[in-house]
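What follows is one structure encoded as structure tokens, with my remarks underneath.
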Amino acid sequence: KTANYPPDAYTTILAPLLPAPHLELLNSVFHTASSVAAFGETNGVSGDKLTRLIGWWLLSERPTPPSGLVGFLQEWDTAARILEHLFLAYVRDQQRLGLMPKRLTQLVKAYPYSKQASPTDQYYLPRPRFTTQQRTVLFV
1 KTANYPPDAY
11 TTILAPLLPA
21 PHLELLNSVF
31 HTASSVAAFG
41 ETNGVSGDKL
51 TRLIGWWLLS
61 ERPTPPSGLV
71 GFLQEWDTAA
81 RILEHLFLAY
91 VRDQQRLGLM
101 PKRLTQLVKA
111 YPYSKQASPT
121 DQYYLPRPRF
131 TTQQRTVLFV
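Each residue of the sequence shown is one higher than the last, beginning at 1 in the working numbering.
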């Protein structure tokens, strides 16, 4: 939203940059995710949860394993936030065509949920305020 991308940015900007098989996979994933996330209040699986589950698998480059648990968690968080950003662009694009449930379009209008967590996060969407719980942990 803050970058002033057009509502059809997913179709006009992103889609031409991707190879056809990758775009087909992304469209299939987002179509399924939007179907599940539309009933998030009932099934407990929001768009944010779905992107966190599959973001790393779809977007992470894995030529070498991450450096320990902390490295993996950073990669996982970054990939999830990027995929969530792309998912919201997909929802905006489908909303323009009248193909999205009202619940999902309300989420896009309310985004972003909070301000950036730190200056290094400037390229990613902020962590959602309501769905992401941060807890202190003891690394052993």
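Glycine included, every Cβ here is placed at the ideal spot set by N, Cα and C.
DSSP state of residue i mapped onto helix, strand, coil
i: R62; result: coil
i: L99; result: coil
i: Y90; result: helix
i: G44; result: coil
i: P19; result: coil
i: L138; result: coil
i: A38; result: coil
i: D8; result: coil
i: S67; result: coil
Nonlocal neighbours in the same chain, by C-beta distance under 6 Å from residue i, ignoring five residues either side
i: T11; result: D93
i: K49; result: none
i: R62; result: none
Neighbourhood of residue i by C-beta distance below 7 Å, restricted to the same chain and skipping five residues each side
i: S60; result: E75 and A79
i: F87; result: F30, A33, G47 and T51
Distance between residue j and residue i (C-alpha atoms, nearest Å)
i: G44; j: T51; result: 14 Å
i: P7; j: F139; result: 43 Å
i: A89; j: R96; result: 11 Å
i: V70; j: V137; result: 11 Å
i: S35; j: K102; result: 12 Å
i: E84; j: N4; result: 17 Å
i: T64; j: R81; result: 21 Å
i: L99; j: V91; result: 9 Å
Same chain only: Cβ atoms within 8 Å of residue i, ignoring 5 sequence neighbours per side
i: A29; result: The sequence shown places Val at residue 29, not Ala. So the list reads I54 and L58, once near-sequence residues are dropped.
i: E41; result: R103
Under 8 Å between C-beta atoms of residue i and residue j
i: A33; j: L23; result: no
i: A17; j: L26; result: Reading off the sequence shown, one finds Leu at residue 17, where the question assumed Ala. Contact flag unset, no.
i: A20; j: L104; result: no
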